[in-house]
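A.B. asks:
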Amino acid sequence: MIARANAHVKYPCKFMLVAAANPCKCGYLSDPDRACARVPQCGEDYMGRISGPLMDRFDLRVDVPPVAFTDLDLPPSGATSAEVAQRVASARALQLSRFEGHAGMSVNADAEGDKLEEIATPDSEARQLLTRVAERFHLSARGYHRVIRVARTIADLDGSETVRKPHIAEAVSFRLASPLVA
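Going left to right, the sequence shown walks through residues 29 to 210 as the numbering used here numbers them.
(1) What residue ranges within the segment 44-82 form continuous alpha helix (DSSP H) runs of no fewer than 4 residues, ordered along the chain?
(2) Return yes when the Cβ of Asp87 is within less than 9 Å of the Cβ of Arg32, no when it is not.
(3) DSSP on His173, reduced to helix/strand/coil?
(4) As a quick exercise: from Ala96, Val191 and Gly106, pick the residue whose alpha carbon is nearest that of Glu146.
(5) Identify, in the order they occur along the chain, each residue of the same chain with its Cβ nearer than 7 Å to the Cβ of Tyr74, setting aside the five sequence neighbours on each side.
(6) Which whole-angstrom value is the C-beta distance of Pro150 and Ile182, which I expect to be below 8 Å?
(7) Following the continuous alpha helix (DSSP H) through Val116, name the residue where it begins and the one where it ends.
(8) DSSP on Val191, reduced to helix/strand/coil?
(9) Taking Cβ positions, are Ala107 and Arg115 nearer each other than 9 Å?
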C-alpha cells in the first residue's frame, strides 16, 4: 500500500525479503582481536541507521558468527540438507492443507486476526513466556504477532499440533537476535 497526500494505491504483491548486514562499520564487532576501539558503540551506531519500524518487519534475525579457519576441515554436524528439506516440505504441506479453502492464505505468515488466533494460540505456559517477553522487550503488536506466526511454523516443523513453550522460546530467540534490541 502506497499512501501519499492525494491517493492510496494498493499493488498486489507477495515477496520474501532476505537481507544481510555487518554488525558494525568495521565488521569485527564480535572479534575482540580485530574490533575497532569504538565497540560496542560503533555497532549500535551502524545498525541504528536502520529504522525501528523496518526492523520490526523482519520475522527472523540471525547472527552468523565467522567460521574459524580451523573449523573448515571438521566433519559436518547436525541434520543433512535432505533431512531439513523433508521437514520443510512436510510443514509446508501441513500449512497448505490447513489453509485449504481460505482465499489468499497458504502459509502461517498469511494468517491474521481470528485465523491466527485459531491456528496459533499458545498453550498456557507458552502464553506466560510470550507475555513476559513482550513486556520486558516492549514488543510491538506487529512483533508480538510475528513471534506467534514463527512459533506456529516451528511447531509445524516439530510435528506439534500445539504451540508450546519451546516453540515460543525459539521464535523469540530469532526475534531478539539483533543487536538493535535492548
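Yeah, the Cβ is synthetic: ideal placement off N, Cα and C, and Gly gets one too.
C.D. replies: Per the coordinate set shown:
(1) 69-75
(2) Not a contact, by the Cβ cut-off of 9 Å.
(3) helix
(4) Val191
(5) Cβ neighbours of Tyr74 beyond the five flanking positions: Cys52 and Lys53.
(6) No, Pro150 and Ile182 are not in contact; Cβ-Cβ is about 11 Å, not under 8 Å.
(7) Segment Ser109 to Arg126, the alpha helix (DSSP H) holding Val116.
(8) It is a strand residue.
(9) yes
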